[in-house]
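Working notes, structure below.
Protein chains: 4
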Amino acid sequence: MHIRIERGSSSPISRQIMEQIRAHCLSGTLQPGDSLPSVRKLATRLGVNVNTVVRVYERLAAEGLVEMRHGEGTFVLPQSGVSGNREQLAEQREQLEREFSAVVHRGILLGLTATELRKLLTNSIADTRANLKSEAVEQPESRPVKTESGR
Amino acid sequence: MHIRIERGSSSPISRQIMEQIRAHCLSGTLQPGDSLPSVRKLATRLGVNVNTVVRVYERLAAEGLVEMRHGEGTFVLPQSGVSGNREQLAEQREQLEREFSAVVHRGILLGLTATELRKLLTNSIADTRANLKSEAVEQPESRPVKTESGR
Amino acid sequence: MHIRIERGSSSPISRQIMEQIRAHCLSGTLQPGDSLPSVRKLATRLGVNVNTVVRVYERLAAEGLVEMRHGEGTFVLPQSGVSGNREQLAEQREQLEREFSAVVHRGILLGLTATELRKLLTNSIADTRANLKSEAVEQPESRPVKTESGR
Amino acid sequence: MHIRIERGSSSPISRQIMEQIRAHCLSGTLQPGDSLPSVRKLATRLGVNVNTVVRVYERLAAEGLVEMRHGEGTFVLPQSGVSGNREQLAEQREQLEREFSAVVHRGILLGLTATELRKLLTNSIADTRANLKSEAVEQPESRPVKTESGR
DNA sequence: GTGGTCTAGACCACG
DNA sequence: GTGGTCTAGACCACA
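Chains as they are written, first to last, in UniProt numbering: chain A, 1 to 151; chain B, 1 to 151; chain C, 1 to 151; chain D, 1 to 151.
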């Protein structure tokens with residue numbers, strides 16, 4: 001499960017993590033019954049405080065997306081509601097589209113051209129895919145913690 | 001001066017406003033000497049608290065981008081430093097690119113395809129341009145010349 | 001709003017606080033629209049850490065019982081669901097009855113007689129009523145903080 | 001030896017078990033020399049994890065209430081100190097009274113009347129007695145006398 | 001090993 | 001003034 005956090009971003013770290021895990025659950029990358037990384041592992045992997053991850057998991061649990069089992073771990077729940085997660089997925093996508101649009105808007109204000117934006121999009125898609133692929137092959141849990149790069 | 005705020009967004013309202021004004025200044029939509037809307041007008045227009053706008057203007061003033069003249073209003077300053085705003089513009093663009101990339105990443109996690117994203121980009125660009133044009137015809141926001149009245 | 005916390009108890013402080021606030025909301029002591037004490041005030045009044053209260057409020061907000069408004073305070077929400085809070089009240093009472101019964105069970109194991117238990121009940125009821133009354137007359141916010149008594 | 005655990009309760013399972021065994025010891029339901037059920041039996045009977053019961057027995061042993069004899073089982077010890085268990089009994093009762101009072105307090109917050117509470121108390125006492133009696137007829141849980149076998 | 005609670009203190013954002 | 005996020009570290013409970 002690949003998670004990417006943007007340290008300088010205006011949106012709080014916890015929210016970035018939460019939204020990405022939620023995306024994984026809703027889009028099926030994480031299936032019901034799958035276990036999430038333990039609170040501590042995810043915290044060290046992402047280089048954030050344990051409590052930050054705890055709050056993320058608690059909120060996802062309150063939403064009914066995951067379940068925390070004392071002493072066992074945290075697991076993805078099957079979707080409850082009638083229409084299940086389809087509604088939620090749609091909601092999340094709409095929200096995402098609004099944010100996307102806002103970023104583009106700001107990009108144009110900064111003088112970026114349509115061509116530049118398209119190039120940026122292509123690159124971003126390629127990068128993301130590379131990340132996701134490399135992860136699929138990933139050796140289990142040998143990631144460096146708290147490298148000082150990229151902050 | 002068109003400003004668009006995304007209510008449900010994770011990035012705080014004040015930051016959204018600040019970044020868009022900064023973008024306008026750096027990219028030349030707002031020229032040195034131009035006046036910003038009054039704190040109250042902008043607050044009303046955007047539906048946010050007056051203090052929020054006050055703090056935005058204060059920070060922009062602290063950055064040296066604008067100047068608040070007591071009793072007159074807030075005005076865009078000519079760029080100070082040697083390379084002036086070019087450095088700042090570049091910084092802002094880099095930041096923007098990181099945010100763009102993060103949004104695309106999340107979009108892909110939510111299952112959006114490259115095609116969908118490209119379509120979204122095209123629409124967003126068109127929307128933004130439409131907004132900017134419609135605004136160009138607006139009343140030119142009453143730019144007072146620096147009168148020596150009052151204090 | 002009277003809240004009583006038992007420091008040596010096995011049930012965590014945050015849970016004690018949460019259950020009492022929930023009881024106040026469900027039974028009508030706290031009406032929709034009423035404001036809860038601010039996070040910091042309640043924390044100092046009870047002599048607990050601010051974060052503890054924050055977590056309590058967050059969980060009540062996740063339950064849909066209250067709403068936290070940034071910069072304004074925390075407020076009781078009108079009950080949502082169809083049957084409203086009646087179901088929840090009933091649930092809470094059942095839970096309470098089970099706990100009551102468990103305590104009585106343990107009391108009897110410790111050799112308490114029916115008479116002693118009845119006396120204890122009478123006293124407890126009287127104490128609680130006294131607390132609730134004295135609070136009704138209470139001078140607003142002049143309570144001592146962190147007295148070292150009663151731990 | 002009747003033990004009743006309340007699954008949804010806020011106080012941890014292990015503590016519930018420990019307190020009830022302690023109550024049985026202090027009040028004389030369990031006499032010095034009596035054997036406790038084996039760790040596995042009790043765990044199965046209560047439907048909890050074996051380790052949970054192990055830790056309970058270890059703590060009771062650390063308190064000096066019971067003794068774990070390797071390969072034989074766990075046995076109630078005669079009371080050590082001068083005043084022995086009288087002090088401990090008194091302590092436990094005080095703690096119990098505080099918990100009782102807290103539950104009553106919460107019951108009143110939930111809108112229960114004095115009459116309802118008294119009814120509840122009567123029922124709880126009756127239930128407990130029924131449980132204890134039915135158990136008295138049980139098979140007497142195989143009390144081995146301290147054989148000098150093994151070590 | 002897992003999650004859960006609590007503390008203390010810092011800094012940010014909104015009204 | 002209000003709530004919100006983050007850190008660091010301690011200790012407890014469950015499997």
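For each residue, glycine too, the CB sits at the ideal point set by N, CA and C.
Subject >> Residues within the region 90-110 of chain A neighbouring chain B, beta-carbon criterion of under 7 Å >> reply: Flagged, chain order: Q92, R93, Q95, L96, E97, R98, E99, F100, S101, A102, V103, V104, H105, R106, G107, I108, L109 and L110.
Original post:
If we cut at 8 Å on Cβ distances, does residue 152 of chain C have a partner in chain A?
Top reply: No information on residue 152 of chain C is available, as it lies outside the stretch 1 to 151 that chain C covers here.
**OP:** Classify A/T74 as helix, strand or coil using the three-state DSSP reduction.
**Re:** By 1-based counting over the first sequence, the position of residue 74 of chain A is 74. Strand.
Original post:
Can you name the residues of chain A whose CB is closer than 8 Å to the CB of B/P12?
Top reply: For the purposes of this step, residue 12 of chain B is taken as residue 12 along the second sequence, with counting starting at 1. Per Cβ cutoff of 8 Å: S10.
Original post:
Is A/Q79 near A/A23, with beta carbons less than 8 Å apart?
Top reply: Start at 1 with the first residue of the first sequence, and residue 79 of chain A comes out as number 79. Start at 1 with the first residue of the first sequence, and residue 23 of chain A comes out as number 23. It is not a contact, given that the beta carbons lie outside the stated cut-off.
Subject >> Contact with chain B by A/E6, beta-carbon distance below 8 Å >> reply: Here the question's residue 6 of chain A lines up with position 6 in the first sequence. Judged by the 8 Å Cβ criterion, A/E6 is in contact with chain B.
Subject >> Minimum Cβ-Cβ distance from A/R143 to chain C less than 8 Å >> reply: Position 143 of the first sequence holds residue 143 of chain A. At A/R143 the pLDDT is 39, less than 50, meaning the model places this residue with poor confidence and gives no usable figure here.
Subject >> Touch test, the region 112-129 of chain B against the region 34-47 of chain A, Cβ-Cβ under 8 Å, three pairs minimum >> reply: In this structure the region 112-129 of chain B does not touch the region 34-47 of chain A; the number of beta carbon pairs closer than 8 Å is below three.
Subject >> Contacts that C/A43 makes with chain A (C-beta to C-beta distance below 9 Å) >> reply: As a working note, residue 43 of chain C is residue 43 in the third sequence. Against chain A, the beta carbon of C/A43 has no neighbour under 9 Å; the closest one sits roughly 17 Å away.
Subject >> Selection from C/R98, C/Q88 and C/V76 that minimises the alpha carbon distance to D/R7 >> reply: Taking the first residue of the fourth sequence as 1, we reach residue 7 of chain D at position 7. Checked all of C/R98, C/Q88 and C/V76; the closest Cα to D/R7 is C/R98.
Original post:
Where DSSP assigns a beta bridge to A/M68, which residues make up the other side?
Top reply: Residue 68 of chain A sits at position 68 when you count from the first residue of the first sequence. Here A/M68 is bridged, per DSSP, to A/T74.
**OP:** Within the same chain, show all residues whose beta-carbon is closer than 6 Å to that of C/T74, passing over the 5 residues directly before and after it, in chain order.
**Re:** What you label residue 74 of chain C is simply residue 74 of the third sequence in a count that begins at 1. Around C/T74: L36, Y57, V66 and M68.
Original post:
Taking 8 Å as the CB-CB limit, is C/A114 close to chain A?
Top reply: Your numbering for residue 114 of chain C matches position 114 in the third sequence. Nearest CB-CB separation between C/A114 and chain A: not below the 8 Å threshold.
Original post:
Quick one: any contact between the region 109-120 of chain D and the region 39-53 of chain D, if contact means 3 or more CB pairs under 8 Å?
Top reply: By the C-beta criterion, the region 109-120 of chain D is judged not to be in contact with the region 39-53 of chain D, since fewer than 3 inter-stretch pairs fall below 8 Å.
Original post:
Going by beta carbon distance, what residues of the same chain come within less than 6 Å of D/Q16, once the five residues before and after it are set aside?
Top reply: Position 16 of the fourth sequence holds residue 16 of chain D. Only I5 meet the Cβ criterion.
Subject >> Under the three-state DSSP convention, the category B/L36 falls into >> reply: Here residue 36 of chain B refers to the residue found at position 36 of the second sequence. Three-state DSSP puts B/L36 in a strand.
Original post:
Which word fits B/H70, buried or exposed, when buried means at least 16 other C-beta atoms lie within 10 angstroms of its C-beta?
Top reply: Numbered from its first residue, the second sequence carries residue 70 of chain B at position 70. With fewer than 16 Cβ atoms within 10 Å of its Cβ, B/H70 is classed as exposed.
**OP:** For B/S134, decide whether its Cβ has a neighbour in chain A, counting only Cβ atoms nearer than 8 Å.
**Re:** Here residue 134 of chain B refers to the residue found at position 134 of the second sequence. Output row for B/S134: interface = no.
Subject >> Three-way DSSP call (helix, strand, coil) for C/R59 in this model >> reply: Locating residue 59 of chain C in the third sequence gives position 59, counting from the first residue. C/R59: helix per DSSP, three-state reduction.
Subject >> Per-residue burial, B/Q31 [other beta carbons within 10 Å of its own, 16 or more giving buried] >> reply: Indexing the second sequence from 1 puts residue 31 of chain B at position 31. Exposed, because fewer than 16 other Cβ atoms sit within 10 Å of the Cβ of B/Q31.
Subject >> Neighbouring residues, chain A, relative to B/D127 (Cβ below 9 Å) >> reply: As a first step, residue 127 of chain B must be located in the second sequence, where it is residue number 127. Residues of chain A passing the Cβ test: S101, V104 and H105.
Original post:
From the beta carbon of C/A130, is the nearest beta carbon of chain A less than 8 Å away?
Top reply: Walking along the third sequence from the start, residue 130 of chain C turns up at place 130. At a cut-off of 8 Å, the C-beta of C/A130 has no neighbouring C-beta in chain A.
Subject >> C/R106, buried or exposed, once every other Cβ within 10 Å from all chains shown has been counted against 16 >> reply: Stepping through the third sequence from its first residue, residue 106 of chain C is reached at position 106. Looking at its Cβ environment, which holds 16 or more other Cβ atoms inside 10 Å, C/R106 is buried.
**OP:** Go to A/Q95, then tell me how far its alpha helix (DSSP H) extends in each direction, as first and last residue.
**Re:** By 1-based counting over the first sequence, the position of residue 95 of chain A is 95. Looking at the DSSP string, the run of the alpha helix (DSSP H) that includes A/Q95 is N85 to L109.
**OP:** Name, please, each residue of chain A whose Cβ falls closer than 9 Å to the Cβ of B/R15.
**Re:** To locate residue 15 of chain B, count along the second sequence from 1; it is residue 15. Here the neighbours are S10.
Subject >> Minimum C-alpha distance to A/L77 - residue among A/E135, A/G28, A/K133 and A/A130 >> reply: What you label residue 77 of chain A is simply residue 77 of the first sequence in a count that begins at 1. Nearest C-alpha to A/L77: A/G28.
**OP:** Check the Cβ-Cβ distances between A/L65 and every residue of chain B, and say whether any is below 8 Å.
**Re:** Residue 65 of chain A sits at position 65 when you count from the first residue of the first sequence. No, no contact with chain B.
Original post:
With C-beta atoms as the reference, is D/L96 less than 8 Å away from C/L121?
Top reply: Locating residue 96 of chain D in the fourth sequence gives position 96, where the first residue counts as 1. Locating residue 121 of chain C in the third sequence gives position 121, where the first residue counts as 1. No; because the gap between Cβ atoms is not below 8 Å, this pair is not in contact.
Original post:
Are the C-beta of D/T52 and some C-beta of chain C separated by less than 8 Å?
Top reply: Within the fourth sequence, numbered from 1, the residue matching residue 52 of chain D stands at position 52. Interface residue (Cβ-Cβ distance to chain C less than 8 Å): D/T52 is not classified as such.
Original post:
Out of curiosity, what's the CA-to-CA distance linking C/A130 and C/H2?
Top reply: Working through the third sequence from its first residue, we reach residue 130 of chain C at position 130. Working through the third sequence from its first residue, we reach residue 2 of chain C at position 2. Between C/A130 and C/H2, the alpha-carbon positions lie close to 11 Å from each other.
Original post:
Does the beta carbon of A/S27 sit closer than 8 Å to a beta carbon anywhere in chain B?
Top reply: Working through the first sequence from its first residue, we reach residue 27 of chain A at position 27. Answer yes: the Cβ-Cβ gap between A/S27 and chain B drops below 8 Å somewhere.
Original post:
Between the C-alpha atoms of C/A43 and D/L132, what's the straight-line distance to the nearest angstrom?
Top reply: Numbered from 1 along the third sequence, position 43 holds the residue referred to as residue 43 of chain C. Numbered from 1 along the fourth sequence, position 132 holds the residue referred to as residue 132 of chain D. When rounded, the separation of the alpha-carbon atoms in C/A43 and D/L132 is 43 Å.
**OP:** Please report how far the alpha carbon of C/T115 lies from the alpha carbon of A/E87, in whole angstroms.
**Re:** The residue labelled residue 115 of chain C in the question sits at position 115 within the third sequence. The residue labelled residue 87 of chain A in the question sits at position 87 within the first sequence. Straight-line Cα distance between these residues: approximately 58 Å.
Subject >> Candidates C/V39, C/F100 and C/M18, of which the one nearest C/E63 by Cα >> reply: Here residue 63 of chain C corresponds to residue number 63 of the third sequence, with the count starting at 1. When C-alpha distances from C/E63 are compared across C/V39, C/F100 and C/M18, the shortest belongs to C/M18.
Original post:
In chain order, what residues of the same chain lie with their CB nearer than 7 Å to the CB of A/S11, ignoring the 5 residues before and after it?
Top reply: In the first sequence, counting from the first residue as 1, residue 11 of chain A sits at position 11. So no residue of the chain qualifies.
Original post:
In three-state DSSP terms, what is D/Q20?
Top reply: Along the fourth sequence, one-based indexing puts residue 20 of chain D at 20. DSSP places D/Q20 in helix when its eight states are reduced to three.
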